[in-house]
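Residue numbers (our numbering): 1174 to 1589.
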């Protein structure tokens, strides 16, 4: 699709004025995810992030039917935990090939945008088979008293001097503020909000790989829980986990000859709110930046929410997941409470009731806290047809990434 066509289609969507889409070149169908790999996700394991990352990378390479020496690209995250380097890759696998390397990968927003970055690298002949990987050991660090996600936020100078002295810390306090305002503006009830952690827990209860496997959550248990930061209860907040996941991206024309049906990257969108790198500076607190990312991704993929079969949204908190679902266009802002009721996010939902299967592995709330990279792995499984909570006839999927002032959207489609 010509670039001007993407821009024109994206602009047709009603987009608010408090942010912007970050224009991306059309890379539709150029890249496919050809291999996925994961470690076990656990509480404190004592494992180093690099060891877990290498395990996930090795599994993804094998799943793609490749040898380590055929991998010539590596994407990791910058500034989160202790991620792999090219030297780590070569030392572990005993390889020496040139390795294109990027820190614009990993999880969160970059779990979507890394596919676009990889496509451009392939265009420029910088790499052919690129691995994206992310690992965390925050459960181990928390148990040892050596660091948590909260500590990571507190280390930022602005937060340390402007937010912490006023008690606006840690993350549950940030997002409880947003959730309470959303409830005030739109009438969301605690019973409606409960649908998110309850549905995601039901998914995790069926998946032996999930941290919350077989740990049932009922509405009665949820409502009986004293809020951590009103209105958010413990079940509304993400887990703290150890683990890693990875996937291989290959040129679409080569993917057809690889072991699995190729999962094509059809659309990528990236958006940002204006002038607010920190949550405390944001003008709008009842929505995420997703409305600035999703229209671009839909336009690139030439698709729409009605054509999506399954989604995975960044659910650091239940209220954030709700806002992401709205931002993806499945309902209008303020209508999320009604949209998610009556099992409408469950993988076996009744289509006549509407809704959309969401976070079918359990998400950050009940599967693991790998910051979104496992969400994309789950969507690949769904489109391959081998997920634990398999959605019938799933062919098109969307991932919504989030991190403070940014959001991203990734549209995936099963190839033939």
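In this text, a Cβ means the ideal position worked out from N, Cα and C, and glycines have one as well. Quick caveat, the model's predicted, so the values are computed rather than measured.
Length of the line joining the Cα atoms of residue i and residue j
i            : j            : result
residue 1314 : residue 1543 : 14 Å
residue 1368 : residue 1495 : 10 Å
residue 1251 : residue 1258 : 11 Å
residue 1188 : residue 1223 : 40 Å
residue 1581 : residue 1551 : 17 Å
residue 1431 : residue 1277 : 26 Å
residue 1474 : residue 1453 : 34 Å
residue 1556 : residue 1586 : 7 Å
residue 1263 : residue 1291 : 20 Å
residue 1325 : residue 1337 : 13 Å
residue 1522 : residue 1501 : 19 Å
residue 1388 : residue 1375 : 9 Å
residue 1322 : residue 1335 : 18 Å
residue 1439 : residue 1364 : 36 Å
residue 1451 : residue 1464 : 18 Å
residue 1256 : residue 1273 : 16 Å
residue 1536 : residue 1579 : 19 Å
residue 1316 : residue 1526 : 44 Å
residue 1362 : residue 1289 : 38 Å
residue 1437 : residue 1567 : 14 Å
residue 1339 : residue 1212 : 39 Å
For residue i, three-class secondary structure by DSSP
i            : result
residue 1562 : coil
residue 1180 : helix
residue 1302 : coil
residue 1287 : helix
residue 1197 : coil
residue 1425 : helix
residue 1536 : helix
residue 1225 : helix
residue 1503 : coil
residue 1188 : coil
residue 1395 : helix
residue 1247 : strand
residue 1325 : helix
residue 1420 : strand
residue 1578 : coil
residue 1548 : helix
residue 1445 : strand
residue 1206 : strand
residue 1215 : strand
residue 1293 : helix
residue 1585 : strand
residue 1330 : helix
residue 1347 : helix
residue 1275 : strand
residue 1471 : helix
residue 1234 : helix
residue 1359 : helix
residue 1320 : coil
residue 1439 : strand
residue 1310 : strand
Anticipated Cβ contact below 8 Å, residue i with residue j, distance rounded
i            : j            : result
residue 1354 : residue 1459 : 6 Å
residue 1343 : residue 1491 : Not really, about 17 Å apart at Cβ, beyond 8 Å.
residue 1529 : residue 1481 : 7 Å
residue 1416 : residue 1215 : 7 Å
residue 1434 : residue 1588 : 6 Å
residue 1442 : residue 1467 : 6 Å
residue 1331 : residue 1203 : No, residue 1331 and residue 1203 are not in contact; Cβ-Cβ is about 38 Å, not under 8 Å.
Proximity winner among the options, relative to residue i (alpha-carbon distances)
i            : options                   : result
residue 1484 : 1573, 1545, 1456 and 1267 : 1573
residue 1301 : 1425, 1588 and 1193       : 1425
residue 1583 : 1219, 1569 and 1431       : 1569
residue 1309 : 1478, 1471, 1540 and 1226 : 1226
residue 1404 : 1434, 1437, 1419 and 1352 : 1352
residue 1253 : 1306, 1293, 1215 and 1268 : 1306
residue 1287 : 1455, 1197, 1567 and 1451 : 1197
residue 1358 : 1498, 1179, 1507 and 1489 : 1507
residue 1577 : 1402, 1504 and 1487       : 1487
residue 1419 : 1332, 1553, 1526 and 1361 : 1553
residue 1237 : 1421, 1549 and 1548       : 1421
residue 1303 : 1427, 1439, 1548 and 1311 : 1427
residue 1319 : 1361, 1293, 1297 and 1217 : 1217
residue 1293 : 1401, 1199 and 1406       : 1199
residue 1221 : 1261, 1356 and 1377       : 1261
residue 1360 : 1510, 1423, 1407 and 1504 : 1510
residue 1571 : 1462, 1329 and 1531       : 1531
Legend entry - the stretch 1368-1385 / the stretch 1278-1290 touching (three or more Cβ pairs under 8 Å): no
Inset, instruction - Take every Cβ of the stretch 1559-1574, pair it with every Cβ of the stretch 1405-1413, and state whether three or more of those distances are shorter than 8 Å. - result: no
Inset, instruction - Inspect the CB distances between the stretch 1442-1449 and the stretch 1240-1247 and report whether three or more fall short of 8 Å. - result: no
Inset, instruction - Determine, using beta-carbon pairs with one atom in the stretch 1514-1534 and one in the stretch 1336-1348, whether at least three such pairs fall under 8 Å. - result: no
Inset, instruction - Count the CB pairs spanning the stretch 1207-1216 and the stretch 1232-1243 that are closer than 8 Å, and state whether there are at least three. - result: yes
Legend entry - Three-pair Cβ contact test at 8 Å for the stretch 1390-1397 versus the stretch 1188-1200: no
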